[in-house]
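Residue numbers (our numbering): 42 to 314. Accompanying notes for the structure given below.
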Amino acid sequence: MSKKIFFIDVEKCVACFNCFVACKDEFVDHKWEHYSEAQPDEGPAWIEVQEVERGQFPKVKVNYIPKPCMQCDPAPCEKAADNNAVTRRDDGILLIDPEKAKDQENIQKACPYNRIYWNQELDIPQKCTFCAHLLDQGYKEPRCVEVCPTRALRYGDIEEFKDEMDKAEQLRPELKRDSMVYYKGVPKAFVAGTVFDKETGECIESAKVKLETSAGILVCSTNNYGDFEFEGLEEDFRGSICIEADAYQPVVFNDLHVGKSVYMGEINLTKMG
Ligand code: SF4
Ligand code: SF4
Numbered sequence: 042m043s044k045k046i047f048f049i050d051v052e053k054c055v056a057c058f059n060c061f062v063a064c065k066d067e068f069v070d071h072k073w074e075h076y077s078e079a080q081p082d083e084g085p086a087w088i089e090v091q092e093v094e095r096g097q098f099p100k101v102k103v104n105y106i107p108k109p110c111m112q113c114d115p116a117p118c119e120k121a122a123d124n125n126a127v128t129r130r131d132d133g134i135l136l137i138d139p140e141k142a143k144d145q146e147n148i149q150k151a152c153p154y155n156r157i158y159w160n161q162e163l164d165i166p167q168k169c170t171f172c173a174h175l176l177d178q179g180y181k182e183p184r185c186v187e188v189c190p191t192r193a194l195r196y197g198d199i200e201e202f203k204d205e206m207d208k209a210e211q212l213r214p215e216l217k218r219d220s221m222v223y224y225k226g227v228p229k230a231f232v233a234g235t236v237f238d239k240e241t242g243e244c245i246e247s248a249k250v251k252l253e254t255s256a257g258i259l260v261c262s263t264n265n266y267g268d269f270e271f272e273g274l275e276e277d278f279r280g281s282i283c284i285e286a287d288a289y290q291p292v293v294f295n296d297l298h299v300g301k302s303v304y305m306g307e308i309n310l311t312k313m314g
């Protein structure tokens, strides 16, 4: 059986929450025998749309990361469960048996992605099932994928995504486990700034900006607003930035330490001589 995957393009997610609403429509007050008990109408987000904000005013970027259950392999929830309460199907989807999982908070606690919710009324852990009850009836996609207007969410054979796989990654790679959910466009760190003439206060266009880190050297130029930006950097890096422009004294920032993303603010260059 070919591996089926969720392929999520973060840059296409516009936070419309259609996926979240479709999940509610499918599971609130609906018990799917042999798959899941009904979802409570308040509280859980079996597919969560997480807002990620980067940078500082006036350079702030916001992205949204949709997060279903990752269907990990190996799966910590499966390992933590007693009595085979969590089982993997042949297609890789993990299901929680509501009867066997009753009172097993250890299952919820084991998930490193916080993708399991506790149903207080029934005292059971619950999570996204990839709409396995629909797939088994011949549906091609889970409901959330079907309603995503931008195709930020897609579902299909892994071969269908082979042309995009070189840009894909899985969340929290440090956990060193495979999953059925692949992401493209996960926001990384950026460094940005705006370059001005110290005397006139005018922005400087076409200044050369060089970022040097242990990973290599990147170069860009300021635009007609004096802005520069290096995007897609690994988080938590050290390096230096050198800014040069014709007829100006260069400016160097050594020992730059960027945890997440940083807007360096206004950088003033002084004319030579
Ligand atoms: S994301 Fe959490 S709930 Fe889903 S398979 Fe992994 S450990 Fe289990
Ligand atoms: S339906 Fe698609 S675009 Fe809308 S929030 Fe969900 S993933 Fe994002």
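Every residue gets a Cβ at the ideal spot worked out from N, C-alpha and C, and that includes glycine.
By the criterion of at least three beta-carbon pairs nearer than 8 Å, the stretch 222-233 is in contact with the stretch 197-209. In the structure shown, the three-state DSSP call for Cys152 is coil. Pairing Lys301 with Asp277 gives a Cβ-Cβ distance under 9 Å. A contact between stretches requires three or more CB pairs, one per stretch, nearer than 8 Å, and the stretch 120-128 fails this requirement with the stretch 230-247. Asn125 sits in coil when the DSSP states are folded into three classes, being neither helix nor strand. Of the other Cβ atoms in all chains shown, fewer than 16 fall within 10 Å of the Cβ of Thr191; this residue is therefore exposed. Membership of Asp66 in the alpha helix (DSSP H) is indicated by the continuous run 59-68. With a cutoff of 9 Å on beta-carbon distance, Ser262 and Ser281 are scored as not near each other.
Apart from the 5 residues on each side of it in sequence, Asp82 sits with its Cβ closer than 6 Å to the Cβ of Val69 in its chain, given in chain order. In terms of Cα proximity to Pro115, the closest of Ser220, Leu176, Glu162 is Ser220.
Per DSSP, reduced to three states, the secondary structure at Met221 is coil, with no helix or strand assignment. A direct Cα-to-Cα measurement between Ile165 and Lys65 gives close to 18 Å.
If you check the CB distance, Arg195 and Ile49 come in under 9 Å. A straight line joining the alpha-carbon of Val101 with that of Lys229 spans about 13 Å. The three-state secondary structure of Asn160, taken from DSSP, is strand. Residue burial is scored here from C-beta neighbours: Tyr266 has fewer than 16 other C-beta atoms within 10 angstroms and is therefore classed as exposed. In this structure, Pro107 has its CB closer than 8 Å to one or more heavy atoms of ligand 2. Ile88 is bridged by DSSP to nothing; it lacks a bridge partner.
Here the distance from the Cβ of Arg279 to the nearest heavy atom of ligand 1 is not below 8 Å.
Within its own chain, the residues whose Cβ lies closer than 7 Å to the Cβ of Ser43, once the five positions on either side in sequence are excluded, are Asp198, Ile199, Glu200, listed in chain order. Excluding its 5 nearest sequence neighbours in each direction, Ile137 has C-beta neighbours in its own chain below 7 Å: Ala126, Val127, Ile148, Pro166, Gln167, Lys168, listed in chain order. With respect to Cys172, Cys189 sits apart: the two C-beta atoms are not nearer than 9 Å. Taking 8 Å as the upper bound for CB-CB distance, Phe231 and Leu259 are not in contact here, some 11 Å apart.
For Glu307, the uninterrupted beta strand (DSSP E) segment begins and ends at 303-310. With fewer than 16 other CB atoms across the displayed protein chains lying within 10 angstroms of its CB, Met313 is exposed. Assignment of beta strand (DSSP E) within the stretch 253-292, counting only whole runs of 3 or more residues, yields 257-262, 268-274, 278-285 in chain order. Here Gly84 is near Tyr158, since their CB atoms are less than 9 Å apart. For Val103, the uninterrupted beta strand (DSSP E) run begins and ends at 100-108, by DSSP. Per the DSSP secondary-structure output, Phe47 pairs in a beta bridge with Tyr196, Val222.
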